[in-house]
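Note sheet for the following structure.
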Amino acid sequence: MYEYRRYRRERKKLRFAAYVIAFMLLFSLGYYMGGMNKTTVIYHNETKISNLVTYVPYMINGSFENASYASIIIPAVDEEGKGVTTLLTVQAVRGKGRILVNIDKLLFWTDTQNSIRTASKVASNITGVNLSDYDIIYTITTNATAVEGPSAGAALTIATIAALEKKKLDPDVLVTGAINHDGTIGPVGEILPKARIAREVGAKLFLVPLLHSQEITYETRRYCEQIGPAQICTTERIPKKVDISKEAGIDVREVGSIKEALEYFLRD
C-alpha cells in the first residue's frame, strides 16, 4: 500500500511538471508569433556593426552605365510601439549579379535580410530583368542601430522594381506588408501606428495587406465589485474594432499583391 501511494505521488508530480512545461512553451510561442510580423527599428546607446561593406559601384569608361535609383519611405515602429520612418534607396547598376546592403553601422536581423533576398527575386520575376547583369544596392537611412522584421518586404520589392525599370514612385503613397516568393503581400502587425506616421510625413494613401484596414485594439479597464465587506477588483481587456483610415486620418486601401500595389505607385 505504501509503495502504491508513493507511486501516485510521483505521478502527480510528473503531471504537474508536464503542465508547467506545456504552459511555458505555449506562452513563448504566442510571444514569438505576436512579434514576428512587424518591422521594428531599435535604438541603443552602443552601436554594433555587422558585416559592414564599403561598396564602389561598377563603372564602365569612367561612368555609371544605366545606373538608376528609387527611394521610398518605410513606416515602422520602435520598441515602444511608436510609429517611425526609415528611408530606403535602391540603386540598380550594371555589375556582377550581387545583392548588397549599405548598412553603415546598422544591424540587419535575419528576417530583414530574407526580405531583401525575396524582394530582389520577385522584382526580377515581375520585370523580366536578369539580375545576373546588375548589382542591386540597398541603402537604409535611419537614426536606429537595428532594423528587424519582415513588414518592409513590400516596400523593398516596389523600390527594386522602380529602380530596374527607371520609374519614379509616387511620394504620396506608402505601403506596409511582408513579401512572399510568389509576389503576394503577407500579413504584418502594428498597422495603426504605421498609418499615423505615414500621415505625419505627408503621405495621402497607405497600402496595407488584405484584411488589414481594420484592427482590433484592447482597452484596459479596472472593474471592482463589492462582495460583503470586501471589494474584489479585476483588470479587464475590452476589445474595440478600429477603422484604420478614420483613426489615423489617411486613406487606407488593401492590396493583395505587388502588381496590385504598383498600380498606385508607379508614374511615368
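According to numbering that gives the first Met the number 0, the sequence shown is numbered sequentially starting from 0.
Backbone N, C-alpha and C define an ideal beta-carbon position, used for all residues, glycine too.
Among the bridge pairs identified by DSSP, Gln112 is matched with none. The alpha-carbon of Glu224 is positioned some 12 Å away from that of Thr234. In the displayed model, Gly152 falls within a helix according to three-state DSSP.
Boundaries of the alpha helix (DSSP H) around Leu191: Ile190 to Glu199. Distance check between Tyr133 and each of Thr141, Gly255 and Thr159 places Thr159 closest, using alpha-carbon atoms only. DSSP places Asn124 within a helical segment (H, G or I) once states are collapsed to three. DSSP, read as helix, strand or coil, puts Lys95 in coil. In this structure, Pro186 and Pro208 form a Cβ contact; the two beta carbons are roughly 5 Å apart against a cut-off of 8 Å. Annotation for Ile72: the continuous beta strand (DSSP E) segment containing it runs Ser67 to Val76. Here Leu163 is actually not in contact with Ala260; their C-beta atoms are around 16 Å apart, not less than 8 Å.
For His211, the number of other beta carbons within 10 angstroms of its own is at least 16, and it is reported as buried. In summary, Pro228 is exposed, with fewer than 16 beta-carbon neighbours lying within 10 Å of its beta-carbon over all protein chains present. The stretch 75-88 makes no contact with the stretch 116-129, as fewer than three CB pairs between them are under 8 Å.
Rounded to whole angstroms, the Cβ separation of Lys167 and Ser67 is 10 Å, and the two are not in contact under 8 Å.
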